[in-house]
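As structure tokens, the structure follows; a few thoughts come after it.
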Amino acid sequence: MQPHGAQAKFPQPYQCKACQHIFYPSVRQALRWLVSILLVVGLSPWWINRGLRVLVTQPDKGESVDAIVVLGSGTGYNEQRAKAAVELWKAGRAPHIFMSGAHDAPILVDLAQKMGVPAAQLSGEACAATTWENAFYTKRYMALEQVPSAQPKILLVTDGLHTGRSTLLYRNFGFEVVSHPVRLEFSQWRKHIIREFLAIMYYVKTKKLLPPTPDDYQRADATAEKRVVDWQCLDMEKAFIPENR
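Per my numbering, residue 1473 is the first one in the sequence shown, and the count goes up by one each step.
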């Protein structure tokens, strides 16, 4: 038993001081470790997102492409993306704009028409509820007469944080992708960095970042056939997406 008033000593099974600091830290040292870990964890979503973008994206150098593909993202984002796509179209970068996304595609088409793009140069699908589905439905329904290339070259318009994952998925479906990220406001960026980090982790876990298998195509085709009828999601004037989708 230890005498009253004597200070307890940490056991020291290791001789090196560095090891003692790691395994038996003082309160101050423990706080330093905690702060360091929190900083690393806090930055990791950005580093992972940035790394994916560097690895897979082809920057926009101003070349012409077969089509401009715009991914919807809900209220507060669609107008920015439609404006970016229309500016690219008016600059002669592509003859056609294709809008993709449940709820969003009809809104994007309407915005583009109001900005001066003729209806004949616009098409879209309101079937896709995920980024994987964006790529799948774009490949399935972007009309060959509009984009005749066997491996269409597209300008992909989405926000910067979404660029890496969406580019990789579109490449997996046979597109040559030139990224055209739309800038996010800081409040939007702060919200989406965690959301996109979680999405990347989910796609890694479910192997959705890999090229689709024949089974993947078969399941998606079956879903598409039903969804096109139930949602009328290829008609930009009639598209209806059930709330419980």
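Yeah, the Cβ is synthetic: ideal placement off N, Cα and C, and Gly gets one too.
Beta-carbon gap between residue i and residue j smaller than 9 Å
| i | j | result |
| --- | --- | --- |
| residue 1579 | residue 1652 | no |
| residue 1615 | residue 1584 | no |
| residue 1607 | residue 1705 | no |
| residue 1620 | residue 1646 | no |
| residue 1629 | residue 1589 | no |
| residue 1595 | residue 1673 | no |
| residue 1603 | residue 1634 | yes |
| residue 1650 | residue 1551 | no |
| residue 1609 | residue 1671 | no |
| residue 1528 | residue 1639 | yes |
Among the options, nearest to residue i - alpha-carbon criterion
| i | options | result |
| --- | --- | --- |
| residue 1656 | 1622, 1631, 1675, 1612 | 1631 |
| residue 1593 | 1564, 1576, 1639, 1603 | 1564 |
| residue 1600 | 1682, 1673, 1542 | 1542 |
| residue 1546 | 1678, 1569, 1577 | 1577 |
| residue 1587 | 1612, 1604, 1553 | 1553 |
| residue 1605 | 1581, 1650, 1544, 1622 | 1544 |
| residue 1452 | 1567, 1562, 1641 | Because residue 1452 is not part of the residues shown, which for the chain are 1473 to 1717, the question remains open. |
| residue 1532 | 1648, 1696, 1612, 1567 | 1648 |
| residue 1611 | 1530, 1666, 1689, 1680 | 1689 |
| residue 1664 | 1700, 1530, 1548 | 1548 |
Anticipated Cβ contact below 8 Å, residue i with residue j, distance rounded
| i | j | result |
| --- | --- | --- |
| residue 1627 | residue 1537 | 5 Å |
| residue 1637 | residue 1668 | 7 Å |
| residue 1694 | residue 1703 | The Cβ separation is near 15 Å, so there is no contact. |
Hey, which unbroken runs of the beta strand (DSSP E) at 3 residues or more fall wholly within the segment 1605 to 1693? For the segment 1605 to 1693, the full-length beta strand (DSSP E) segments reaching 3 residues or more read 1625 to 1631, 1648 to 1654 along the chain.
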